[in-house]
Every structure is written in C-alpha cells, then in structure tokens.
Amino acid sequence: DIQMTQSPSSLSASVGDRVTLTCRASQSIDRYLNWYQQKPGRAPKVLIYAASSLQSGVPLRFSGSGSGTDFTLTINSLQPEDFATYYCQQSYSTPRTFGQGTKVELK
Amino acid sequence: QVQLVQSGAEVKKPGASVKVSCKTSGYTFTTYGIGWVRQAPGQGLEWVGWISAYSGHTNYAQRVQGRVTMTTDTSTKTVYMELRSLRADDTAVYYCARDSYCGGDCYSFDYWGQGTLVTVSS
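Chains as they are written, first to last, in my numbering: chain A, 37 to 143; chain B, 11 to 132.
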C-alpha cells in the first residue's frame, strides 16, 4: 500500500495568514493527489484534485502543487471558515489511502 | 442536484453484521462508482472500498477484505455496504461518496453522504 504522510499534524495561524500544508507519498503517484477539507461533524469536501486542479466552487485562495512524491496545499489569506482539518489522498492505486490529516487552528 | 443519503445510525454487538445504505439522486447512477470511507472517533479517514455502479466490480481494503460486501440496486439507485463479524475497532462513521473520474488514474470523491455512525459494543 502507498503510505501518505502529512506535515505538520497541526498548525496555528491567524486570519489573513498564508499557510502551506505538505503531503508526501511513499512512492511516486504522478499527479494523482487530492486534497479534502473536513469540519467537525461534517463530511469531507474535495478542494483540489489531480494535484493542482481546483474543484468547482472552491475559492481561489486554495491552490495545490507537486508531482511524484511531494505535494503542497496552500491557502492564501486564511479566512475564518478555513479552520478545519485537511487530508490528502492518492488515487494512483488501490487502496486509495489518505494522509493522517493536518488540523489548522486559530492562533 | 446530486445527493447521497445514507441510512441511520446502528448499534451492533461484536460478531454481528451491519448493512448501510446510500441512496443516490441527481445524476446518472451507472456513470459513477461509489466509494466508502470510514472515520473512527477522533481519527482520520480510512478508505474502505469501492464499487462500480456500472459493472458491480468491487475493490476492498485489506483490513476488511473477507468481511465486507458492497452491492448496488440500479432500480433504486442505491448502494449498500455490508460488514460482517463486527469488532470494536469497526466503530466509526461510515461515509459513501461519489467517485468522479478526472483522467488517467485521477479519481476524487466529489459528493458525499452525511455519514452513518456504526457502534460496535457489547
């Protein structure tokens, strides 16, 4: 199975900050990497697919980059509604494993 | 609009079985697969498996292989996940999600059900 490792596990930030989350795959997954946002008690929501494609309806302050084994999710100008947990997921092969998540908290 | 509506919470004893349903609407059912993802209390997301609504082909995670069966009912546009020989560590919220193909090996879960809490306790 492909292991997905996210860092950091949590971070504290302020409204207006630019934050960068990292996801590393245990082997090359080309660009088959998705990012999800999850708020407490809610189902996850896809933000980015194929490493850098913005899902319809997702604000432009979210962006993704990377290929191979190293990927990043950047949130420009963090908004109050962005405080949540973010997960990466690879779709290169089954099982389509998730990272353990990065919790973005209010400083 | 696309909707996935799941069945209600379940409480089961160890060794029992549970069957969770996921009723879809708002799109052509056989065009998309459905994946299942679970989340234990306070934990992250775990991919459980996937079924093609077109062919019925399935793919399951090793952790549940042999205990899980995913099926579809095209007439009601409903997907089912049955998990047998339940253990305490199967306690989780189970989500169904529509599997959207975006080219090559690119798939993402673009619409999700509301989740079904399955509690396994003696």
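Glycine included, each C-beta is placed from N, C-alpha and C at the ideal position.
Terminal residues of the beta strand (DSSP E) in which residue i lies
i, result
"Arg19 of chain A", "What is shown of chain A runs 37 to 143, which leaves residue 19 of chain A out entirely."
"Ser118 of chain B", "Cys116 to Trp122"
"Lys81 of chain A", "Lys81 to Tyr85"
"Asn69 of chain B", "Thr68 to Tyr70"
"Val130 of chain B", "Thr126 to Val130"
"Lys143 of chain A", "From DSSP, Lys143 of chain A is part of no beta strand (DSSP E); its letter is neither H nor E."
"Asn70 of chain A", "Leu69 to Gln74"
"Gln13 of chain B", "Gln13 to Gln16"
"Lys23 of chain B", "From DSSP, Lys23 of chain B is part of no beta strand (DSSP E); its letter is neither H nor E."
Residue i, DSSP secondary structure in three states
i, result
"Asp100 of chain B", "helix"
"Phe39 of chain B", "helix"
"Asp106 of chain A", "strand"
"Asp118 of chain A", "helix"
"Ser85 of chain B", "coil"
"Gly52 of chain B", "coil"
"Tyr105 of chain B", "strand"
"Arg60 of chain A", "strand"
"Ile61 of chain B", "strand"
"Ser95 of chain B", "coil"
"Thr34 of chain B", "strand"
"Val51 of chain A", "coil"
"Gln42 of chain A", "strand"
"Ser110 of chain B", "strand"
"Thr79 of chain B", "strand"
"Gln136 of chain A", "coil"
"Ser88 of chain A", "coil"
"Tyr90 of chain B", "strand"
"Tyr128 of chain A", "coil"
"Ile9 of chain B", "Residue 9 of chain B falls outside the range modelled here, since chain B spans only 11 to 132, and no answer is possible."
"Ile111 of chain A", "strand"
"Val74 of chain B", "coil"
Nearest to residue i (by Cα), restricted to the options the options
i, options, result
"Ser78 of chain B", "B:Asn69, B:Thr84 and B:Thr86", "It should be pointed out that residue 78 of chain B corresponds to Val in this sequence rather than to Ser. The option with the nearest alpha carbon to Val78 of chain B is B:Asn69."
"Gly104 of chain A", "A:Leu69, A:Ser46, A:Ala120 and A:Ser45", "A:Leu69"
"Tyr123 of chain A", "A:Arg60, A:Ser50 and A:Leu142", "A:Arg60"
"Tyr5 of chain B", "B:Tyr64, B:Ser17, B:Trp57 and B:Cys106", "For chain B, the structure presents residues 11 to 132; residue 5 of chain B sits outside this window and is missing."
"Pro76 of chain A", "B:Ser131, B:Ile61, B:Gly125 and B:Lys23", "B:Gly125"
"Glu92 of chain B", "B:Gly114, B:Gln11 and B:Lys22", "B:Lys22"
"Ala107 of chain B", "B:Trp57, B:Gly114, B:Gly25 and B:Gln72", "B:Trp57"
"Ala98 of chain B", "B:Tyr37, B:Ser27 and B:Ser17", "B:Ser27"
"Val112 of chain B", "A:Ala49, A:Tyr128, A:Phe134 and A:Gln39", "Here residue 112 of chain B turns out to be Cys, not Val, going by the sequence shown. When only C-alpha atoms are compared, the closest one is A:Tyr128."
"Arg132 of chain A", "B:Trp46, B:Gln11 and B:Ser132", "B:Trp46"
"Asp109 of chain B", "A:Ser62, A:Asp37 and A:Lys81", "A:Lys81"
"Ser95 of chain B", "B:Val89, B:Pro24 and B:Gly114", "B:Pro24"
"Lys139 of chain A", "A:Gln42, A:Ile38 and A:Asp37", "A:Gln42"
"Lys143 of chain A", "A:Ala120, A:Arg67 and A:Thr58", "A:Ala120"
"Val103 of chain B", "B:Tyr90, B:Val12 and B:Arg48", "B:Arg48"
"Ser101 of chain A", "A:Asp66, A:Gln39 and A:Ser48", "A:Asp66"
Contact list for residue i against chain C, beta-carbon separation under 7 Å
i, result
"Asn70 of chain A", "Reference to chain C is not applicable here, since the protein chains of this structure are A and B."
Margin query: Check whether the region 52 to 59 of chain A and the region 110 to 118 of chain A touch, using three or more Cβ-Cβ pairs below 8 Å as the test.
Written below: yes
Notebook entry, point to check: Touching or not, the region 51 to 68 of chain B and the region 77 to 91 of chain B, by the rule of three or more beta carbon pairs under 8 Å?
Noted result: yes
Notebook entry, point to check: Is the number of C-beta pairs between the region 116 to 128 of chain B and the region 81 to 88 of chain A that are closer than 8 Å three or more?
Noted result: Note that the region 116 to 128 of chain B touches the region 81 to 88 of chain A; at least 3 beta-carbon pairs, one per stretch, sit closer than 8 Å.
Next item on the list: Decide yes or no for the touch test of the region 51 to 61 of chain B against the region 21 to 40 of chain B: beta carbon pairs closer than 8 Å, at least 3 of them.
Entry: No contact exists between the region 51 to 61 of chain B and the region 21 to 40 of chain B.
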